[in-house]
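Visitor: Before anything else, here's the structure in question.
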Amino acid sequence: RDEADTEVDIQAAGGSSHTITCAKYTSHPGGAPSFTAVGLYYDVSIDSVAGVDSVKIRFYYTDADIAGFVESSLRAYWWTGTTWTLCSPQALYTEAVDGYSGYIEVGPILAAGTTPTLNQLVGTPFGVGGKTPAPPPAAKYLEVELRLSSLEVDVSDGPKTIHVTADASTSDGASAYITYMWSVSGGELNVEQDRFVEASSVEWILTRVGGYSITCVARSQGYSDGEDTASVTAIPEMDLPLRALCGTLILLYILLWKIRWRLPVNTSSTRSSPVLAKAQI
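This is the structure in structure tokens:
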């Protein structure tokens, strides 16, 4: 066992002597495996089956040997010379023993009715296969997108109402019962804030000038929460007196511009002659 991680028990008639050879390979010595190979390959042969009643073979493994495989799925296979076939009978023992994590026992191997039979223990190899763990299920989550009736409102003449709808869907496309938690940074909602409710649409009332945000969290059993945030600006419109004043100033500017271009422009220039004074001596 120390050399090939293999142990063989033989039941034979008294007085008979037999030589059993065990080997371990680093790659498959037969054809390409038809199973998901762990990477453990062994060879067991017996020089003569005369007087042999049965043989049991134990293939030992460590945690490192079966890393990435489900231990309970381990099985031993035998190479017939042309194909791999499942050994029968066989049993898996997962209890730790002598530094090993467990072993697969093939047998008892008999003269007939087993795979392989005693006469087939002539050096054809064995291999160990298993299953890899199933991948974890894909994460399921909710996707949320907010739709607003307006992104900018005029609150100069009173409160304004914005209609907000949360479009929620599941990542796997399945139907689900979804609840919603709404919150705003200003203004009022027609539903209770910071509490999950069934309302997927709300009315948001703004009364003061400023920038505001609204957030919706969607929740459903078996899914990660979805969340989206949108922003709105509340602005004042210019009052009538101010608008009238601006209009007057604009008209006055236009009028002055026209008058300027209608004034005559004198392009001639006059030059005064120097006056010479004569001094009388």
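Position 104 (the sequence shown) corresponds to 106 in the working numbering; numbering is contiguous.
Every residue, glycine too, gets a C-beta built ideally from N, C-alpha and C.
Using a 10 Å radius around the Cβ and a threshold of 16 neighbouring Cβ atoms, would you call Y44 buried or exposed?
Guide: Buried, by the Cβ-count rule.
Visitor: Can you find at least 3 beta carbon pairs, one from the segment 93-113 and one from the segment 27-35, that sit closer than 8 Å?
Guide: Not touching, per the Cβ criterion.
Visitor: For Y179, which residues from the same chain have a beta carbon less than 7 Å from its beta carbon, with the 5 sequence-adjacent residues on both sides left out?
Guide: Cβ neighbours of Y179 beyond the five flanking positions: S222.
Visitor: Taking the C-alpha atoms as reference points, what is the distance between Y225 and L191?
Guide: Their Cα atoms are separated by approximately 26 Å.
Visitor: Look up K142 in the DSSP assignment and say whether it is helix, strand or coil.
Guide: In this structure, K142 counts as coil in the three-state DSSP scheme.
Visitor: According to the Cβ coordinates, are V146 and A176 closer than 8 Å?
Guide: Against a cut-off of 8 Å, the Cβ pair of A176 and V146 comes out as no contact.
Visitor: Should F60 and E97 be called a contact, given that it needs their Cβ atoms to be closer than 8 Å?
Guide: The residue asked about is misnamed: residue 60 is Arg in this sequence, not Phe. No; because the gap between Cβ atoms is not below 8 Å, this pair is not in contact.
Visitor: If you check the beta carbons only, do V157 and V234 fall under 8 Å apart?
Guide: Going by C-beta atoms, V157 is not nearer than 8 Å to V234.
Visitor: How would you write the range of the beta strand (DSSP E) that D11 sits in, first residue to last?
Guide: Note, D11: beta strand (DSSP E), T8 to A14.
Visitor: Distance check for P118 and C89, CA to CA, integer angstroms please.
Guide: Approximately 7 Å, taken between the alpha carbons.
Visitor: Under a three-way DSSP split, which group does E190 fall into?
Guide: In this structure, E190 counts as strand in the three-state DSSP scheme.
Visitor: By Cβ distance, which residues of its chain are closer than 6 Å to A6, with the 5 residues on each side in sequence left out?
Guide: For A6, where only same-chain residues beyond five positions count, the Cβ hits under 6 Å are C24, A25 and K26.
Visitor: Going by C-alpha to C-alpha distance, which of L94, G189, S203 and A113 sits closest to L148?
Guide: Of the listed residues, the one whose Cα sits closest to L148 is S203.
Visitor: If the criterion is Cβ atoms closer than 8 Å, does the pair G213 and T134 meet it?
Guide: No, Cβ-Cβ distance for G213 and T134 is not below 8 Å.
Visitor: Checking the sheet assignment: what are the DSSP bridge partners for G104?
Guide: Y63.
Visitor: Taking S185 and T217 to be in contact with their CB atoms under 8 Å, please state how far apart those CB atoms are, rounded to whole angstroms.
Guide: Right, their Cβ atoms sit about 5 Å apart.
Visitor: Let's test the definition: count the other Cβ atoms within 10 Å of the Cβ of G17 and tell me whether it reaches 16, buried, or not, exposed.
Guide: Under this definition G17 is an exposed residue.
Visitor: Considering Cα atoms alone, identify which of T64, I12 and V40 is closest to D100.
Guide: Of the candidates T64, I12 and V40, the one whose C-alpha sits nearest the C-alpha of D100 is T64.
Visitor: Residues in its own chain within less than 6 Å of P127 by CB, not counting five upstream and five downstream?
Guide: P31, G32, Y43, D45 and W81.
Visitor: Would you mind working out which of L123, A15 and V40 sits nearest D67, comparing C-alpha positions?
Guide: For the residues L123, A15 and V40, the minimum Cα distance to D67 belongs to V40.
Visitor: Please confirm whether any heavy atom of the ligand SAM lies closer than 7 Å to the CB of R210.
Guide: As presented, the structure is devoid of all ligands, the ligand SAM included, so that no description of it is given.
Visitor: Could you spell out the range, first to last residue, of the beta strand (DSSP E) harbouring Y44?
Guide: Run containing Y44: A39 to I48, per the beta strand (DSSP E) assignment.
Visitor: Drop a sphere of 10 angstroms on the beta-carbon of Y255, count the other beta-carbons inside from all chains shown, and report buried for 16 or more, exposed for fewer.
Guide: Looking at its Cβ environment, which holds fewer than 16 other Cβ atoms inside 10 Å, Y255 is exposed.
Visitor: How is the beta strand (DSSP E) around R77 delimited, first residue to last?
Guide: Where R77 is concerned, the enclosing beta strand (DSSP E) stretches over R77 to W81.
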